[in-house]
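Student:
Numbering (the numbering used here), first residue to last: 16 to 86.
See below:
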C-alpha cells in the first residue's frame with residue numbers, strides 16, 4: 016500500500032517539474048518571437064508623454080530594454 020502512495024507522489028512531483036520547465040521554455044520562445052514592446056509602440060508612448068522622439072533615443076531605449084530582457 017505504501018509503495019503505491021510513494022510512486023504516486025513521485026509521479027506527481029515529476030509531472031509538476033516537467034510541466035514547469037516545458038511552460039517556461041514555451042514562454043521564453045514566445046516572448047523572443049513576439050516582444051512585448053517594439054519601436055513603434057515606444058515612439059507612440061514618447062509622443063503621448065509630450066516628447067519628440069528621435070531615432071537615436073528610440074534605439075538607446077530599445078537596446079537598454081533588450082539588455083534587461085536578456086539577463
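Cβ atoms here follow ideal geometry from the backbone N, Cα and C, with glycine treated the same way.
Across the region 75 to 83 and the region 40 to 59, are there enough close Cβ pairs to call them in contact, namely three or more that are closer than 8 angstroms?
Tutor: Short answer: they touch.
Student: Given this structure, state the Cα-to-Cα distance separating residue 21 from residue 40, to the nearest angstrom.
Tutor: Cα-Cα distance, rounded: 29 angstroms.
Student: Compute the Euclidean distance between the alpha carbons of residue 49 and residue 18, then round it to the nearest angstrom.
Tutor: So the alpha carbons of these two residues sit roughly 46 angstroms apart.
Student: Mapping the DSSP letters down to three states, classify residue 52 as helix, strand or coil.
Tutor: Here residue 52 sits in coil by DSSP.
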